[in-house]
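Enquirer: My questions will all concern the structure given below.
Number of protein chains: 2
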Amino acid sequence: MTGDHRGAATRPGSPGLSRLSLNQETVRQWSLDELTAGCAAAGVPGVGLWRDPVRSYGVDRAASLVRAAGLRVTSLCRGGFFTAVDPAERARALDDNRAAIDEAATLGTDTLVLVSGGLPAGDRDLVGARERVADALAELAPYAAERAVRLAVEPLHPMYAADRCVVSTLAQALDLAERFPVEQVGVVVDTYHLWWDDTVGDQLARAGDRIAAFQLADWVTPLPEGVLLGRGQLGDGSVDFRWFAERVAAAGYRGPVEVEIFNPALWARDGTEVLAEVVSRYQEVCAVPG
Amino acid sequence: MTGDHRGAATRPGSPGLSRLSLNQETVRQWSLDELTAGCAAAGVPGVGLWRDPVRSYGVDRAASLVRAAGLRVTSLCRGGFFTAVDPAERARALDDNRAAIDEAATLGTDTLVLVSGGLPAGDRDLVGARERVADALAELAPYAAERAVRLAVEPLHPMYAADRCVVSTLAQALDLAERFPVEQVGVVVDTYHLWWDDTVGDQLARAGDRIAAFQLADWVTPLPEGVLLGRGQLGDGSVDFRWFAERVAAAGYRGPVEVEIFNPALWARDGTEVLAEVVSRYQEVCAVPG
Chain A
20 MTGDHRGAAT
30 RPGSPGLSRL
40 SLNQETVRQW
50 SLDELTAGCA
60 AAGVPGVGLW
70 RDPVRSYGVD
80 RAASLVRAAG
90 LRVTSLCRGG
100 FFTAVDPAER
110 ARALDDNRAA
120 IDEAATLGTD
130 TLVLVSGGLP
140 AGDRDLVGAR
150 ERVADALAEL
160 APYAAERAVR
170 LAVEPLHPMY
180 AADRCVVSTL
190 AQALDLAERF
200 PVEQVGVVVD
210 TYHLWWDDTV
220 GDQLARAGDR
230 IAAFQLADWV
240 TPLPEGVLLG
250 RGQLGDGSVD
260 FRWFAERVAA
270 AGYRGPVEVE
280 IFNPALWARD
290 GTEVLAEVVS
300 RYQEVCAVPG
Chain B
20 MTGDHRGAAT
30 RPGSPGLSRL
40 SLNQETVRQW
50 SLDELTAGCA
60 AAGVPGVGLW
70 RDPVRSYGVD
80 RAASLVRAAG
90 LRVTSLCRGG
100 FFTAVDPAER
110 ARALDDNRAA
120 IDEAATLGTD
130 TLVLVSGGLP
140 AGDRDLVGAR
150 ERVADALAEL
160 APYAAERAVR
170 LAVEPLHPMY
180 AADRCVVSTL
190 AQALDLAERF
200 PVEQVGVVVD
210 TYHLWWDDTV
220 GDQLARAGDR
230 IAAFQLADWV
240 TPLPEGVLLG
250 RGQLGDGSVD
260 FRWFAERVAA
270 AGYRGPVEVE
280 IFNPALWARD
290 GTEVLAEVVS
300 RYQEVCAVPG
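Those sequence lines, one after another, are chains A and B. Residues 20 to 309 (my numbering) are what the first sequence spells out, left to right. Residues 20 to 309 (my numbering) are what the second sequence spells out, left to right.
Written as structure tokens, this is what we have:
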């Protein structure tokens with residue numbers, strides 16, 4: 020995988036941006052055509068894509084579009100939601116994740132981001148739910164590996180533990196990932212989810228080659244209702260991005276740095292302007308060496 | 020302090036409720052007169068009070084009211100907000116906390132709950148902020164001890180780390196508390212803040228005599244804007260209360276069990292009805308031996 024990353028780093032015409040990737044949900048107002056054209060024009064070599072818009076566009080067609088623009092897909096968001104107890108529901112989730120792996124392979128990305136899923140209704144057993152995540156990883160990892168796709172377990176902020184993701188810390192994500200070969204299962208380091216945790220420095224050192232993706236968003240308050248769409252533009256909040264970038268680099272990660280901000284205030288603006296702001300903030304708060 | 024707790028446990032006429040305390044913010048619609056009358060009538064022997072309503076009522080007068088109703092004050096909420104860098108602001112915070120300690124002593128409670136404070140505006144240094152909390156504890160602990168008041172450091176859910184409390188886990192709270200004599204600084208175990216953390220079982224065992232208060236609220240979603248007033252009635256959400264009660268008991272805690280639910284839906288109802296529901300849910304999900 021580092022080969023791909025070095026490839027991206029040699030892209031000409033984008034000094035300081037060779038590792039930057041724009042996750043498409045940051046500019047939800049943009050179509051895939053606008054996204055690829057916009058990133059190419061701005062010298063941003065990577066895009067992080069989401070399954071729904073890619074499927075609407077057509078997976079093969081999206082893959083061609085990104086390639087034709089001279090870009091690469093740095094990650095596909097997202098598979099996961101593995102915590103159902105009902106066997107039929109579990110089988111459906113696994114099928115859907117195999118489809119997500121196929122889509123990632125078609126898009127040419129080696130990284131499928133996984134959000135584990137929350138507690139089933141009425142269930143209070145976090146430990147059991149995390150074990151079902153491990154079971155699902157065991158079923159999917161070989162299938163993904165055959166397609167050169169790595170499963171990237173994303174710990175989400177503890178405020179999502181009940182309804183979205185029972186994996187809340189980098190330590191928990193690593194506890195899961197380390198049950199599998201390093202090339203098959205990694206972890207996502209997203210500053211928005213992990214910034215508050217005083218153990219995250221040690222866990223980043225522990226993570227080493229397990230780091231499959233590095234995503235940036237800032238923490239701003241007050242949180243909106245439902246707490247999903249309140250991420251901040253880089254530099255607007257509490258996250259010390261340089262601290263994270265240094266530790267992720269010290270762990271050996273040389274891959275893409277993906278900006279993923281869900282915020283209706285950004286979606287209401289001109290996409291080109293938002294991307295320009297992302298680029299300038301990225302350079303300001305945490306530009307990482309190519 | 021265990022002497023006090025045993026005293027409460029022998030209160031007659033309230034089988035199974037001898038350790039139950041109602042935090043007044045659970046029934047914000049009630050005046051202090053209504054609160055004390057309501058708890059006495061329901062056989063709930065303890066009340067957790069907040070500084071603002073107590074000061075409006077008069078601290079001495081509130082202390083007499085609670086005593087006359089045959090109740091005890093299990094905790095005073097709250098002191099803290101120690102993270103300012105500005106010396107004048109820090110001095111004001113310390114003065115205010117000395118006043119809170121005096122109020123706790125007047126009310127006859129041995130427990131002052133402390134919420135540490137968030138990051139100062141524009142500050143991203145969580146480690147530094149936590150050190151300023153430790154410095155404040157060092158200044159206040161002897162003053163509190165002279166008045167038989169114990170400082171109870173409350174870890175708040177990580178979603179409050181930026182704007183309210185840089186102490187996010189029980190481990191962090193214990194790291195702070197353990198710098199001081201056990202009788203001077205303890206920790207608050209609140210299920211709402213800690214339920215998601217897979218290290219909390221080990222930390223409860225570590226806590227032992229440091230547990231100064233045990234508070235209950237359930238975790239329900241979706242979270243409301245600002246995430247302050249979305250706590251759930253016991254049994255309505257994801258918290259395994261019995262799991263907590265057993266581990267808190269195993270750690271040696273025999274003190275009050277305080278129900279503290281901030282939720283406008285409860286405030287809109289008849290207080291007597293809310294208290295009856297709290298009592299019945301408490302007995303259902305986690306009644307602890309007297």
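Think of the CB as a built atom: it goes at the ideal place given N, C-alpha and C, for glycine as much as any other residue. It should be emphasised that the depicted structure is a prediction, and the values quoted were computed from it without experimental measurement.
1) Going by the beta-carbon positions, is the gap between L90 of chain A and G65 of chain A smaller than 8 Å?
2) Against chain A, does Q252 of chain B count as a neighbour if the rule is that its beta carbon must be under 8 Å from one of theirs?
3) Looking only at DSSP bridge pairs, what is F233 of chain A linked to?
4) Is the stretch 86 to 101 of chain B touching the stretch 133 to 141 of chain B, taking contact as three or more C-beta pairs under 8 Å?
5) Would you please state the rounded distance, in angstroms, between the beta carbons of T55 of chain B and A88 of chain B? I believe it to be under 8 Å.
6) With a 10 Å radius around its C-beta and 16 neighbouring C-beta atoms as the bar for buried, classify R38 of chain A as buried or exposed.
7) When the Cα atoms are used, what is the spatial distance from V298 of chain B to T45 of chain B?
8) So, helix, strand or coil for W214 of chain A, using DSSP?
9) Of all the residues that make up the stretch 137 to 157 of chain A, which are near chain B by a beta-carbon distance shorter than 9 Å?
10) For a cutoff of 8 Å on Cβ pairs, would you count P174 of chain A as touching chain B?
11) Measuring alpha carbon to alpha carbon, tell me which residue in B:Q203, B:R143 and B:W49 is nearest I120 of chain B.
12) So, are the CB atoms of S40 of chain B and T93 of chain B less than 8 Å apart?
13) Can the beta-carbon of A231 of chain A be found closer than 8 Å to that of V207 of chain A?
14) Determine whether the Cβ of E277 of chain B lies closer than 8 Å to any Cβ atom of chain A.
15) Identify which residue in A:R47, A:A61 and A:A60 has its Cα closest to the Cα of A68 of chain A.
16) Pick helix, strand or coil for R169 of chain A, following the three-state DSSP scheme.
17) Considering Cα atoms alone, identify which of A:W214, A:G245, A:G254 and A:T128 is closest to L170 of chain A.
18) Distance check for L253 of chain A and E292 of chain A, CA to CA, integer angstroms please.
19) Who are W238 of chain B's beta bridge partners in DSSP?
20) Within 8 Å of any Cβ in chain B, is that where the Cβ of D217 of chain A sits?
21) By alpha-carbon positions, which one of A:L193, A:F199 and A:Y211 ends up nearest to L242 of chain A?
22) How big is the Cα-Cα spacing for G205 of chain A and P177 of chain B?
23) Counting C-beta neighbours from all protein chains within 10 Å, is the total for P174 of chain A 16 or more, i.e. buried, or is it exposed?
24) What residue from B:Y76, B:L247 and B:L235 has the CA that sits closest to V304 of chain B's CA?
25) Closest by CA to G249 of chain B, which one among A:A287, A:V246 and A:G251?
26) Using a Cβ-Cβ distance under 8 Å, would G65 of chain B count as near chain D?
27) Grouping DSSP H, G and I as helix and E and B as strand, with all else coil, what is W286 of chain B?
28) Using a Cβ-Cβ distance cut-off of 8 Å, determine whether A27 of chain A contacts chain B.
29) Could you pull the DSSP bridge partners for S94 of chain B from this structure?
30) Chain A partners of S257 of chain B, CB-CB under 7 Å?
31) Cβ of V134 of chain B less than 8 Å from any chain A Cβ?
Expert: Let me spell this out:
1) yes
2) no
3) A:V208 and A:V276
4) yes
5) Between A88 of chain B and T55 of chain B the Cβ distance is about 4 Å, and since that is below 8 Å, they are a contact.
6) Buried, by the Cβ-count rule.
7) 12 Å
8) Secondary structure at W214 of chain A: coil, using DSSP grouped into helix, strand and coil.
9) G137, L138, D142, R143, D144, L145, V146 and R149
10) Chain B contact via Cβ: absent.
11) B:Q203
12) Annotated as proximal: S40 of chain B and T93 of chain B, with beta-carbon spacing under 8 Å.
13) yes
14) no
15) The residue you asked about is not Ala; residue 68 of chain A is Leu in the sequence shown. It is A:R47 whose Cα lies nearest to the Cα of L68 of chain A.
16) strand
17) A:T128
18) 14 Å
19) B:R250
20) yes
21) Nearest neighbour of L242 of chain A by Cα position, chosen from A:L193, A:F199 and A:Y211, turns out to be A:Y211.
22) 24 Å
23) buried
24) Out of B:Y76, B:L247 and B:L235, B:L235 has the C-alpha closest to the C-alpha of V304 of chain B.
25) A:V246
26) Here the protein chains are A and B, and chain D is not one of them.
27) helix
28) Only weak support exists for where A27 of chain A lies, its pLDDT of 40 falling under 50; the coordinates are left without a value.
29) Answer is B:G67.
30) Residues of chain A with a Cβ closer than 7 Å to the Cβ of S257 of chain B are, in chain order, L138, R143 and A181.
31) no
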